[in-house]
Amino acid sequence: MTALQSPPSQTSTTRTMVAAINDALAIALERDPTTYLFGEDVGVMGGVFRASDGLQARFGTERVFDTPLAEASIVGMGIGMGLAGLRPIAEIQFAGFMYPALDQILSHLGRYRHRTRSRYHLPMVIRAPYGGGVHTPEQHADSPEAILAHVPGVKVVIPSTPTDAKGLLLAAIEDPDPVFFLEAIKLYRSTKESVPDGHYTIPLGKARVVTEGDDVTVITYGGMVEVSVKAAEAARAHGIGVEVIDLRTLVPMDLETVLHSVAKTGRAVVVTEAPRTGGFHSEISANIAEHAIDSLRAPILRVTGYDAPYPPFTAIEDVYRPNPVRVARAIRTVMGY
Amino acid sequence: MTALQSPPSQTSTTRTMVAAINDALAIALERDPTTYLFGEDVGVMGGVFRASDGLQARFGTERVFDTPLAEASIVGMGIGMGLAGLRPIAEIQFAGFMYPALDQILSHLGRYRHRTRSRYHLPMVIRAPYGGGVHTPEQHADSPEAILAHVPGVKVVIPSTPTDAKGLLLAAIEDPDPVFFLEAIKLYRSTKESVPDGHYTIPLGKARVVTEGDDVTVITYGGMVEVSVKAAEAARAHGIGVEVIDLRTLVPMDLETVLHSVAKTGRAVVVTEAPRTGGFHSEISANIAEHAIDSLRAPILRVTGYDAPYPPFTAIEDVYRPNPVRVARAIRTVMGY
Amino acid sequence: MTDLASAPTNSAPTTSAPQTALPTADSSADFPRHAPATDIPFQLLAPDGNAHDPAALPDPQTRLSLYRHMRRIRHFDERGWVLYRTGRLGVFPPFKGMEASQVGTAAALTSDDWLFPTYRDTGAALTLGLPIARTLAYWRTSPHGWHMPEHLKVLPFYIPIATQYPHAVGAALAEQRKGTNNVAMAYIGDGGSSEGDFHEALNFAGALNAPCIFILQNNGWAISVPTRTQTRAVNLARRADGYGIPGVRVDGNDVLATYQVTAEAVARARAGEGPTLIETVTYRIAAHTVADDPTRYRTDADTAGWAEKDPITRLRLHLLAEGILTEESDAALLKEIAEEFEAALNEADTYPEPEPAEILDHVFAEPTPQLVAQRAEILREVGE
Amino acid sequence: MTDLASAPTNSAPTTSAPQTALPTADSSADFPRHAPATDIPFQLLAPDGNAHDPAALPDPQTRLSLYRHMRRIRHFDERGWVLYRTGRLGVFPPFKGMEASQVGTAAALTSDDWLFPTYRDTGAALTLGLPIARTLAYWRTSPHGWHMPEHLKVLPFYIPIATQYPHAVGAALAEQRKGTNNVAMAYIGDGGSSEGDFHEALNFAGALNAPCIFILQNNGWAISVPTRTQTRAVNLARRADGYGIPGVRVDGNDVLATYQVTAEAVARARAGEGPTLIETVTYRIAAHTVADDPTRYRTDADTAGWAEKDPITRLRLHLLAEGILTEESDAALLKEIAEEFEAALNEADTYPEPEPAEILDHVFAEPTPQLVAQRAEILREVGE
Ligand SMILES: Cc1ncc(C[n+]2csc(CCOP(=O)(O)OP(=O)(O)O)c2C)c(N)n1
Ligand SMILES: Cc1ncc(C[n+]2csc(CCOP(=O)(O)OP(=O)(O)O)c2C)c(N)n1
Ligand SMILES: [Mg+2]
Ligand SMILES: [Mg+2]
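Protein chains in written order, with this note's numbering: chain A, 5 to 341; chain B, 5 to 341; chain C, 79 to 462; chain D, 79 to 462.
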C-alpha cells in the first residue's frame, strides 16, 4: 500500500466513504480560500448524498453554492473560474447526468493547457456518484469512466475505501490539472473504517495491491474492488492465490504495478461494471497484451456489465452488475486454462 | 470480400467517396418517402463537403432541410422523428461537433428500444466527417468513435472506400436501429473508384479482408486502411505477408474474421488515429487477448494517435496521425519478436 | 379525452393574439409577432371558486370531467405514498397540488397526440389515458411499466431532465410533415428550464413551425433549489418571446384556466400556427419524491400559502355552488375512483416478475453476436 | 484601451433603466426588472454620418480613437485575404462590415477584463490589444498564436461554437468573488445563439449576478443559413428578458452606438448590477471564411444594401464634417497602420517552426508515464 503523503495526524475517526469525502472537502475549503464548491443541491441541502453536508453553513454561500440545473454550465462555469485562478470543485449529481457536460469536457476541460500552451491551466475537480447496486432509477447507475479516460488532458480517479477517498480527493483538489473523481454510490455508506483526521494526500497514479497472491491478478477499481476481494477470498478457500489490484487512478494508469503482478501470476482478469464493448477494462487488457504477452498463461478475461443500458428494473438489475460469483468463475477459468 | 447484398445494376460510375455518399443519400430519399435529411448547411448549400449537393433541389425543402445551429437538437429532433415513424438521417458537420449531442446519444439514442420494450425503435442514421490529415482548424479532426462504440444500442460504421461507403450507408439507413456513420475526411476526394450504380447494400457487421497475408494481421478501419495497406505493401517488399482487415463496422464487430486471421498469423497490430488511452484499438486488442491468446506469438501492438488533443498546428499535425512508416515499424517489431 | 378536446374554448385575454406588427429592422419575418406574456397568471376561477367571468367558462360537463380527473390522480398520489411505505412501489415523485397543472393541460389532447412526461407527470399521463395498472408497474420498476399501450403515444416518464424536449419537437415535426394535425406536448419543470435542451427545442420548434406545446410547470422548487436561485427571471413564459413564439403564464392551480390556454395553444398548433410555451404557476406542496425530506431545505411557512390554493378545493367549491356537483355525487365519484384504483392494483399485482435475461432484450432488432454470447453468459450464471 | 474605457457615456434611451416594478406573482424577485429590448436598434449616427443628437456623442478624441481601431482592423482583414491567397495564412474568417460591432464593444474594456472571442472576432481581440504578430501566428496555426500575452486576459479564438459562453460566466463570477470590478465579455453569432450553452450561460450569469457582457453579433448568416431560418425571433436581444437581465439591440454598424451601450453595460457590471446581452445588428458582407464560396447560398442582392451601411464610411463622414479628421490626417493614419502591420508581419515571420514533440507538450503539468513513453516514440520516429 502506498504511503500517505503528508504525515497524518495521530488521531483518526471511524468514517463512511461519504463522511470521508465530506471531511476532505471541509479540509480543502479550510486550507485554501480559492477553493469553491458548487453544483445542484450541494449548498442548502448538502447534496443528495450529503457529501457537502454542513459546508455551506460553515464556509458561507459564496464558497459553497447551489447552481441552476444545467450540467454543461456547471462544468463550463467551473472552467471559467479555473481560468481566473480559483480552484473549483463541481458536483454532478449522478455520473449519468454528466452527459450534458460532455461537450465542455471533450471540447475544453482537457484542452485549455494545451491550447494556451500553459498560459492557463485548470485546477478543477469534478465529483460524481457512479455505478449500480442500490436500486436507483433510470440512468442513475451509469459507469461512464471509459469515456472520461479517453479525453486527453484530464485525470480520472475512482476510490474504493474511505481512507483512499479522502486522501485521493485532497490530492485531486491540489492537482494543477482537471481531475474526475467518481464515487461508487454502493460504497458511500456500506463500509466504515478508521480514517486519519486532518490533511493528508494519496498520490494520483499509484495503484494499491489489496490482496497478494501468486496465481491470478485481478485488476479493478471503485465499486468492483469489494466484489473482487470477495471472489479472491472464495478462491483462496480453494487454494488459489489472487492478487487484487485496485487501480485507484485510471488516468494516469499505474501500469508498472499491473505488469509487475502479471509477470508473477501469468493470469489476468479485469473487472468493471460498465458495458462490455469499449469499457476501460479493455484498455487495461490491451496494455497487458501489449506489454506482458510473454508472461501470459491464459486469456485475459473481462468480467463486466453487458452491452445494454444498466437496467432500470430492480428485480433483475443484479444480473447486470458483476458479483463475486462471476469474478470467481473467471478466476477458475484462467486457472483451469 | 463480402458480396454486395442486392444485385448491383450492370452499370457503374467512377466516384469519389463523397460522391458515392451523395448517391446513396439520393437513392434512399428516392426509394423511401419516410426518409428525411437535415443538419447544418445540408440544404441550400448541400453540406460543407457537398455530401448532400443537389438533394434539396431534387427532393424539396420538406425532405432535405437546414436546421438551426444546435447539435443536441439535431440528434434529439431526429429521435422524435424516428419515434413517429420516419427515417431521419442527420448530418453533424464534423465529428468533433457531435459532443453537444452526446447527452442525447448516451441518454436516449441507444435506449429507446430498451426503455419502451420495442414499442418504439429508432431507424436513424447520424453521419459525420471525422479524422485528420487535411489541415483543418481546431477540433475539426477528432476521432470519437470509441465513445460512440461504448454506447449500448447503437451501431457504428466507418467505411474506407467509395463502394463500401455507398453500400454500407444504404444498409445503415435501412437498419431498424440507430447507426453512426463516420466518414474519413481524408478519403472524401482522395481516391476514386468504379462504384455500382443503383441500389445495393453491404451488410453491417462484416469485416473486409483488404490484403491477404500469413505473417501479421493489421486490424483497422476508415482513414487508417489506406495507411495500413501502404505499410503492408512496404512489408511485402521485405517478404512479410500482412493481412489487413478493414473492420467496416465497429459495432457489431466482426470478431470472427479477426480471430480467423490471427489464428493464421499469430501476430496482431491495431491501427486507429484516435488518442491512445481508451481508443477503440484497445477494444479490438482486448478481444484478441480474450479469445485468441494461444495463437499469439507476439505482443498486440497499437499504432494510434497520442494522449493529447489532435494538434491544431498544421506544421506538426502529421506527427500525430499514424502513417505507413509507423505501422510498418510495428509490423517489423511483431515479426522480430 | 376526446370529450374535452372538442370543448369550446374562449379566448383568454392574456394570450397571444398577434399584435399589430411591431416595428422591426428585419422585415423578413414570416410569422406574426406576439405580445410577451404578462406577469399576472391568467385565471378563470378565484381561489374561493368564484368565476371572474362566468360566460368565459367551459360547459358544465367539461368542468365536471376536469374535476373527476383531478380527483382521480389525487387518489393515485395519495395511494402512491401508502404503497411506497408498505414496499409495494419502488419510488414515486408526488404531484399533490399540481393537479390543475397536469389535468388541464393533458386534457386538451386526444389519444392521437404525443405526450412526453417527466417523472413528475404521472397525473398528466393518467389523464390522457395511461392505464393505472401499467402506471403502477412503471413505479414498481417492472418492465411492464415501460411498454406503453399501442393505442397511446405516451412515452415512459423521462428521468434525465429536459432531454425529451427535442424529441417532442421531432415528433411534432413528423406529424406536420406527414400532414396530420396531431400535436406533441412536453412537460418540464422550473429547474429543467435551465437546461440547454429547453432553449434549443423552443427555438427549433419556432424555426420549423412544429405543432408542439411546451408545458413548463413552475412549482417553485427543483429538489432543494427555489426558483429564485434557479433564475433571475420572474416570468418564465417570457422566454417564448425570444423565439418569436407565444408564451402564456397561467394560474397552475386553476384547472379551467390551464385547460383553456392549452386548448387554445393546441388549436393554434393544429391550425398550422406552430408552438406555444405555457408556464403553469403552481407549487410542489409535498416532498420531491417519497424518499426526500423537504425540512432540510424549506420551512412550513414556505408551503403554507399554497395549501389554501388547492386546485381541487377551488373547482369543488365552484361546482357545488353551481350545482354541477353535490356532496352525494362527489362521494359516489370518490368511491368509484377508489374501486377503479384497487382493481388496477390487483391487476398490476398479477404481472409476472421479469426473467434475468430480459436485461439484454430489446437492445437491437437482431441481437449482435456479442449480445448472443452475453445472453449465454447470463443463462449459464443463473443456471448455476 | 484604457483611454476609451474611461470615456463619458451618455444614457442610451433604448436600454435598460429599471422600470417601475411590474406586477408580479413572485414577489421574491431581488433584482430590478428591465424593459424588453426594442426592435429598432439603438443608433447615434445615421448612415450618412449625421448625429441624431450631437450632444449625446462621446468626446472627439474617443470618436477618433474608435475610427482608428476600425481602420486598423479593416487593414488586417484586407491583408488577411492577400496573405491567405499567397499561402502565408492558414485560414481566416473575415469580418469586413462588422468593424463597428467589434471595436465599439471591445473598446469598452480594459486589459484587466476578460475577452472570449470566436474565430470571427479577430478585430475585437486586436482592439483590446492583442499584438498583430501573435494574431497572425494564430491564423498561421503556429503554437505561438495560442500562447496569449501575460498582460492580457484574451483567450485564443474559440472554434467550437458557443462553448466559451459558460467560461465567461465563470471568469466573471471569479472576479466578483475575488472582489475586483473586472468584467468578462464573450462574443457569439446569430447561429451560435441557437446552442444550449448560450441559454445556460445567460441564465447562470443572471442567477449569480456575474459581471458578464454577452455580445451577440447578428450578422445575418451562419455559414449558409440565414437568421430567419435559424430562428423565428426577429429580436434576439429580447432573449435577455427571459433571464431577467437587460437586453439591448444596437445598430452594429454604428460604432458610437455600440461603444455607448457596451460602456453602459460594463459600468453596470462593474457596479455589481450583473450581466447584459447586447445584440449588434450587422452583416457579414464577405465569405464565411477565406475558403467559402457564398454564391452557393446567396446572391449579390442579399448583400447590396449593407455595403452602403459601411461602418467606417459612416464615422469617417461624420469626423470629416466635424473637422476631427481631415483627408491628410486620414492618409497619415492609413500609412501608419500599414507600417505597423508590415512590421508585425515581419516579426511573425521570425517565429520558429514548432518541434514535432510539441504536440505532447502542455497536456499536464507533469507528463504522465504514458506521455513520457509516447514522446519517446515520437522522437524515435522523427529521428529515423
Ligand atoms: C440531467 C439531469 N440532471 C439532474 C437530475 C437530478 N434531478 C432529478 S429531479 C431534479 C430537480 C428537477 O426540478 P424541476 O425541473 O423543477 O422539476 P420538479 O422536480 O420540480 O418537478 C434534479 C436536479 C436529473 N434527473 N437529470
Ligand atoms: C459546435 C459547432 N458546431 C458547428 C460548427 C461549424 N461552424 C463553424 S462556423 C458556423 C456558423 C456560425 O454562425 P454564427 O454563429 O452566426 O457566426 P458567424 O460565422 O456568422 O460569425 C458553423 C456551423 C462549429 N464550429 N461548432
Ligand atoms: Mg420544479
Ligand atoms: Mg452569423
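Glycine included, C-beta positions come from ideal geometry on N, C-alpha and C.
For a Cβ distance threshold of 8 Å, nothing in chain C lies close to Glu216 of chain B: the least Cβ distance comes to about 23 Å. At least one heavy atom of ligand 4 sits closer than 7 Å to the Cβ of Arg362 of chain D. Not a single CB atom of chain B sits nearer than 8 Å to the CB of Gly322 of chain C. As the crow flies, the alpha-carbon of Ala416 of chain D is around 29 Å from that of Gly383 of chain D. Between the region 149 to 157 of chain C and the region 199 to 208 of chain C, the count of Cβ pairs shorter than 8 Å is three or higher; the stretches touch. Secondary structure note for Pro92 of chain A: it is in no alpha helix (DSSP H), and the uninterrupted beta strand (DSSP E) holding it is 91 to 95. In chain order, Arg310 make up the part of chain C whose C-beta sits under 8 Å from the C-beta of Phe109 of chain D. Ala300 of chain C has its Cβ nearer than 7 Å to a heavy atom of ligand 3. DSSP places Ala293 of chain A in the helix class (H, G or I) of the three-state scheme. Relative to ligand 4, even the nearest heavy atom lies 7 Å or more away from the CB of Gly330 of chain D. In the structure shown, the three-state DSSP call for Lys170 of chain A is helix.
The region 185 to 196 of chain A makes no contact with the region 296 to 309 of chain A: fewer than 3 CB pairs, one atom from each, lie closer than 8 Å. Bridge partners of Lys231 of chain D according to DSSP: D:Trp192. Proximity to Tyr375 of chain D across B:Ala32, B:Ala61, B:Thr15 peaks at B:Ala61, based on C-alpha coordinates.
Under the Cβ distance rule, Leu251 of chain C counts among the residues neighbouring chain B, one pair being separated by less than 8 Å. Contact between Pro125 of chain C and Ile402 of chain C is absent: CB atoms are separated by about 18 Å, not below the 8 Å threshold. Approximately 7 Å separates the beta-carbon atoms of Glu178 of chain B and Thr205 of chain B; this is inside 8 Å, confirming the contact. Apart from the 5 residues on each side of it in sequence, Arg453 of chain D sits with its Cβ closer than 8 Å to the Cβ of Ala435, Leu438, Pro445 in its chain, given in chain order. At least one heavy atom of ligand 2 falls within 7 Å of the beta-carbon of Gly269 of chain D. Within the same chain, Gly127 come within 7 Å of Ala399 of chain D by CB-CB distance, once the 5 residues on both sides are set aside.
Within chain D, the residues Thr219, Ser220, Glu431, Pro432 have their CB atoms less than 8 Å from the CB of Ala319 of chain B, given in chain order. Interface criterion met: the Cβ of Leu73 of chain A is under 8 Å from a Cβ in chain C. Proximity of chain D to Gln108 of chain A at the Cβ level (cut-off 9 Å) is accounted for by Thr241, Pro244, His245, Asp275, in chain order. Residues of the region 358 to 373 of chain C whose Cβ lies closer than 8 Å to any Cβ of chain A: none. In the three-state scheme derived from DSSP, where H, G and I count as helix and E and B as strand, Phe42 of chain B is classed as strand. Inclusion of Gln97 of chain A in the 7 Å shell around ligand 1 follows from its C-beta lying nearer than that to a non-hydrogen atom of the ligand.
From the beta-carbon of Gln143 of chain A, the residues of chain C found nearer than 7 Å are Ile237, Pro238. Scanning chain D for C-beta atoms nearer than 9 Å to the C-beta of Ser272 of chain C yields His277, Glu278, Asn281, Phe282, Ala285, reported in chain order. Partner residues in a beta bridge of Trp384 of chain D, as assigned by DSSP, do not exist. Here the distance from the Cβ of Thr196 of chain D to the nearest heavy atom of ligand 2 is below 7 Å. Looking at the DSSP output, Gly267 of chain D shares a beta bridge with D:Gln295. DSSP places Glu357 of chain D in the strand class (E or B) of the three-state scheme.
For Leu254 of chain B, the closest alpha carbon among the candidates B:Met49, B:Pro127, B:Pro207 is that of B:Pro207.
Not flagged as an interface residue toward chain C: Arg453 of chain D, since no C-beta distance is shorter than 8 Å.
Residue-level contact by beta carbon holds for Met85 of chain B and chain C, with a gap shorter than 8 Å. Under the 8 Å Cβ criterion, the region 319 to 332 of chain A counts as touching the region 131 to 145 of chain A, having at least three qualifying pairs.
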